[in-house]
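K.L.:
Residue numbers (my numbering): 311 to 567.
Glycine included, each C-beta is placed from N, C-alpha and C at the ideal position.
Computed from a predicted structure; not experimentally measured.
1) Starting from residue 481, trace the alpha helix (DSSP H) both ways and give me its first and last residue.
2) Please determine, among 351, 319, 347, 354, the residue with the shortest C-alpha to C-alpha distance to residue 377.
3) Please return the same chain residues whose Cβ sits closer than 7 Å to the Cβ of residue 555, not counting the five positions on each side in sequence.
4) Report the option in 354, 493, 335 whose CA atom is closest to the CA atom of residue 450.
5) What is the DSSP secondary structure of residue 302, reduced to helix, strand or coil?
6) To the nearest angstrom, how far is the alpha carbon of residue 371 from that of residue 386?
7) Starting from the N-terminal side, write out each stretch of the alpha helix (DSSP H) that is 4 residues or longer and does not extend beyond the stretch 326–358.
8) Looking only at its own chain, which residues have a Cβ that is under 7 Å from the Cβ of residue 488, when we skip the five neighbours before and after it?
9) Could you tell me the alpha carbon to alpha carbon distance between residue 368 and residue 402, rounded to whole angstroms?
10) Quick check: the Cα distance between residue 394 and residue 357, rounded to an integer number of angstroms?
11) So, under 8 Å CB-CB, residue 361 and residue 455 are touching, yes? Tell me the CB distance rounded to an integer number of Å.
12) Please state the DSSP three-state secondary structure of residue 548.
13) Inspect the CB distances between the stretch 465–482 and the stretch 490–510 and report whether three or more fall short of 8 Å.
14) Here's a check: name, in chain order, each residue in its chain whose Cβ is nearer than 7 Å to the Cβ of residue 350, leaving out the five neighbours to either side.
15) Hey, which unbroken runs of the alpha helix (DSSP H) at 4 residues or more fall wholly within the stretch 502–548?
16) Please classify residue 432 as buried or exposed, where buried requires at least 16 other C-beta atoms within 10 Å of its C-beta.
17) What residues in its chain sit with their C-beta under 7 Å from that of residue 541, if we drop five residues either side in the sequence?
18) If you follow the alpha helix (DSSP H) that residue 557 is part of, which residue opens it and which one closes it?
19) Pull up the distance between the alpha-carbon of residue 352 and that of residue 322, whole angstroms please.
20) Return helix, strand or coil for residue 456, following the three-state DSSP convention.
21) Taking the straight line between their C-alpha atoms, what separation do you get for residue 410 and residue 384?
22) Among all the DSSP beta bridges, which residues are the ones paired with residue 566?
23) So with Cβ pairs under 8 Å, would you call residue 558 a contact of chain C?
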């Protein structure tokens, strides 16, 4: 199978293998949703695989991604629909599916500059046991791993980071604890990190194990500064050259730290 060429935004390295680290309710899923639905098309993909073990408790963000892309909605419209309906905390998956289907019906949606460019439908797979065939299907596959760090079998997670760069895949691994990510497979092959507020012990470990263009003390000071903001985070491009910007406080607007 020929290798596909991703055209990610320059803010991201290629291959794009990102770990998003943060405690529960820090904003990991919310930020990832906005990365994937940014009108700037930050991530280049035409297949989405959601590896979310507890599908019955799937976050609304993932539901909008699944039903939005399956119905051929452009990312910016998926983003808008999410913000309109996120006030309805009791919205069920069926409600969200209906919302996306209605939005895909030309007779029910006014043509605007935002939704006039309807993209090709993107297949979305919701999987409990990901199939390694995605490494060979010839598509630009984006894999999301969420809440899988505690899974007994880590074979697929490790394969994604070991083989993703050669297997037509990019990926995002959402986890609560940096130190529990396998050092030789996941961390060694991670090309960028998004890290939400950490305790000092965790920050010290991160500073020792992630190479940046800054001395550890300066790096930690920059992290603490970014985390003063509610839901603040730091984005690290570990593949940036020494003369390139490698730390950002906002990956969506590309504001350096």
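P.N.:
Result, derived from the coordinates:
1) Residue 481: not part of any alpha helix (DSSP H); member of the beta strand (DSSP E) spanning 479–485, first to last residue.
2) The residue with the shortest Cα to Cα distance from residue 377 is 347.
3) 566.
4) Of the listed residues, the one whose Cα sits closest to residue 450 is 354.
5) Nothing in the structure corresponds to residue 302, since the chain is present only between 311 and 567.
6) Those two C-alpha atoms are separated by around 14 Å.
7) For the alpha helix (DSSP H) assignment, the uninterrupted runs of no fewer than 4 residues enclosed by the stretch 326–358 are, from N- to C-terminal side, 338–346.
8) Shown here for residue 488: same chain residues with a beta carbon closer than 7 Å to its own, the five before and five after excluded, namely 331, 512, 515, 516 in chain order.
9) In this structure, the alpha-carbon of residue 368 lies about 10 Å from that of residue 402.
10) Linking residue 394 to residue 357 through their CA atoms gives a straight-line distance of about 25 Å.
11) A Cβ-Cβ distance of about 5 Å is found for the pair residue 361 and residue 455, placing them in contact under the 8 Å criterion.
12) Judged by DSSP in its simplified three-state form, residue 548 adopts coil rather than helix or strand.
13) They touch, by the three-pair rule.
14) Around residue 350: 319.
15) Runs found: 510–519, 526–537.
16) Buried.
17) The answer, listed in chain order, is 336, 337.
18) In the DSSP assignment, residue 557 falls outside any alpha helix (DSSP H) and lies within the beta strand (DSSP E) extending over 557–560.
19) Cα atoms of residue 352 and residue 322: separation of roughly 8 Å, rounded to the nearest angstrom.
20) In this structure, residue 456 counts as strand in the three-state DSSP scheme.
21) Approximately 11 Å between the Cα atoms of the pair.
22) The partner list for residue 566 (beta bridge, DSSP) reads 558.
23) Looking for chain C here will not work: only one protein chain is present.
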